[in-house]
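Undergrad: Questions regarding the structure given below will be posed in turn.
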Amino acid sequence: MIRLVIGIALWLAVSQAIVESFDLRFFQPQAEPTMRKVEVFREQAPTFDVIFLGSSRTRRALVPQTFEEEVAPLIGRELTAFNLGVNATMMPSYTIIARNLLHGDHRPSMLVLGLGARSFNSNSPRYDHTIRHLCGPLDLLGAYGPHLTSGDELLVVPEVMFRATSSLIQLWRRGTDEEVDLAKGIWELGGATYPALTARKSLPLMIDDSDLRSIVPASEYRAQQVALAKATRYRIGQARRVLLEDYDVDGRCTTAFRELIDICRERSIRLVVLNLPVTEAFAKGAYVDGEYDAYLTRLRELCTEGAVPLFDLNRPPYRPPTFFFRDGDHLTREGAWYFTRLVTREVLANLLKE
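The sequence shown lines up with residues 665 to 1018 when you count with our numbering.
Structural data, given as structure tokens:
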């Protein structure tokens, strides 16, 4: 029995060593698609000028193709971009992804980090997702490891121990039709959720809901507002129940943000931080215990400390009209097109000209 235990332990250690040595940590065919995107990027990506990094909010807010179309005439040269937004991730996730992926040929000139209050909760009940899929063996022993008081985080540690073995066993999947189709879909969208949009291009760069009422058919506008109200109520409940529990901006989120600044400085990557927008209804219902103010205050302090430009896009005139939201904190396809144009023209192009 003792020999069996020792044998399993040795195999797990060898598996981890092989996976880390050959940079296979993110090869996880059973993970959800946006997490699998990380490995597709690591294995196949060319060099991109600009990387958008964040959670599903970033993935649904910034469309690389729209950015590329808008920025070229503004700065006089073409740029390429990719969206590395991954579902259910938070500040430590972004640092781990940047640390392990954005180097060598994958090093961009600019890293645009999209943040919000829920992605800056060091006690987030969703952090087990980061441990399960992103943390390496040494991360488990450091600042990004599980909290000893969190049962959910501790319970996924055994999965991490066997994750390397699973990756090695499933290497046969490389090159299968399913993997090829997944990668094809990712590249077609540039890593984002939505394809580029060409409709309603006559919309002005900045617009509010009152302006939209004169453009959008009344029935379409009313239907969207009814659907938005219902979706926002659900998102508020989810945020209070899952994303903002035991809220704390310090701890591993602050540590991760500082480390990301150091990574970008060492690799000559220009870091730009965007505070992403939410609707007023969502903010009023979700941030009832001062979470948003605590987050934004800490973020401003950290950006000042690290000399990192921070753009608060959750206020007029940058916050999109409610018509462009699919729920309280995610944008629709048209909202992503509108928001990408706005951010490109009002924020990113000016920085890239420099």
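We treat Cβ as the ideally placed atom computed from N, Cα and C, and that holds for glycine.
Tell me the rounded alpha-carbon separation between residue 797 and residue 957.
TA: Counting from one through the sequence shown, the residue named residue 797 turns up at place 133. Counting from one through the sequence shown, the residue named residue 957 turns up at place 293. If you take the alpha carbons of residue 797 and residue 957, they lie about 30 Å apart.
Undergrad: Which residue from 670, 909 and 735 puts its Cα closest to that of residue 1025?
TA: Here the chain covers residues 665 to 1018 and nothing more, so residue 1025 does not appear.
Undergrad: Who are the near neighbours of residue 889 in its chain, counting only those whose CB is closer than 8 Å to its CB and skipping five residues on each side?
TA: Here residue 889 is taken as the residue at index 225 of the sequence shown, counted from 1. If we look at residue 889 and ignore the five residues flanking it on each side, its Cβ neighbours are 986 and 987.
Undergrad: Where residue 695 and residue 875 are concerned, what is the direct C-alpha to C-alpha distance, given to the nearest angstrom?
TA: Here residue 695 refers to the residue found at position 31 when the sequence shown is read from its first residue. Here residue 875 refers to the residue found at position 211 when the sequence shown is read from its first residue. Roughly 42 Å between the two C-alpha positions.
Undergrad: Helix, strand or coil: which one does DSSP assign to residue 704?
TA: For this step, residue 704 is matched to residue 40 along the sequence shown. In the structure shown, residue 704 sits in a helix (DSSP, three-state: H, G or I).
Undergrad: Cβ atoms of residue 976 and residue 1014: under 8 Å apart, would you say?
TA: Here residue 1014 corresponds to residue number 350 of the sequence shown, with the count starting at 1. Here residue 976 corresponds to residue number 312 of the sequence shown, with the count starting at 1. Cβ atoms of residue 1014 and residue 976: not closer than 8 Å.
Undergrad: Given a cut-off of 8 Å on the beta-carbon distance, is the pair residue 762 and residue 924 in contact?
TA: Against the sequence shown, residue 762 aligns to sequence position 98. Against the sequence shown, residue 924 aligns to sequence position 260. Yes, Cβ-Cβ distance for residue 762 and residue 924 is below 8 Å.
Undergrad: Specify whether the region 823 to 842 and the region 773 to 788 touch according to this definition: at least 3 beta carbon pairs, one from each stretch, less than 8 Å apart.
TA: They do not touch, by the three-pair rule.
Undergrad: From residue 844 to residue 688, what does the alpha carbon distance come to, in whole angstroms?
TA: As a first step, residue 844 is located in the sequence shown; it is residue number 180 there, counting from the start. As a first step, residue 688 is located in the sequence shown; it is residue number 24 there, counting from the start. Cα-Cα distance, rounded: 17 Å.
Undergrad: Could you give the DSSP three-state label for residue 838: helix, strand or coil?
TA: Along the sequence shown, one-based indexing puts residue 838 at 174. Coil at residue 838, not helix or strand.
Undergrad: Note down, in chain order, each residue of its chain lying with its Cβ closer than 6 Å to the Cβ of residue 966, except the 5 sequence neighbours on either side.
TA: Stepping through the sequence shown from its first residue, residue 966 is reached at position 302. The answer, listed in chain order, is 921.
Undergrad: Between residue 704 and the rest of its own chain, which residues show a CB-CB distance below 6 Å, the 5 nearest in sequence each way excluded?
TA: Walking along the sequence shown from the start, residue 704 turns up at place 40. Excluding sequence neighbours, residue 704 sits near 847 and 850.
Undergrad: Assuming residue 708 contacts residue 699 (C-beta within less than 8 Å), just tell me the rounded distance between them.
TA: Stepping through the sequence shown from its first residue, residue 708 is reached at position 44. Stepping through the sequence shown from its first residue, residue 699 is reached at position 35. No, residue 708 and residue 699 are not in contact; Cβ-Cβ is about 16 Å, not under 8 Å.
Undergrad: Give me whichever residues DSSP pairs with residue 774 in a beta bridge.
TA: Counting from one through the sequence shown, the residue named residue 774 turns up at place 110. Residue 774 pairs with 714 and 934.
Undergrad: Determine the closest residue to residue 900 out of 812, 950, 780 and 777, with distance taken between C-alpha atoms.
TA: Here residue 900 refers to the residue found at position 236 of the sequence shown. Residue 950 is the option with its Cα nearest to residue 900.
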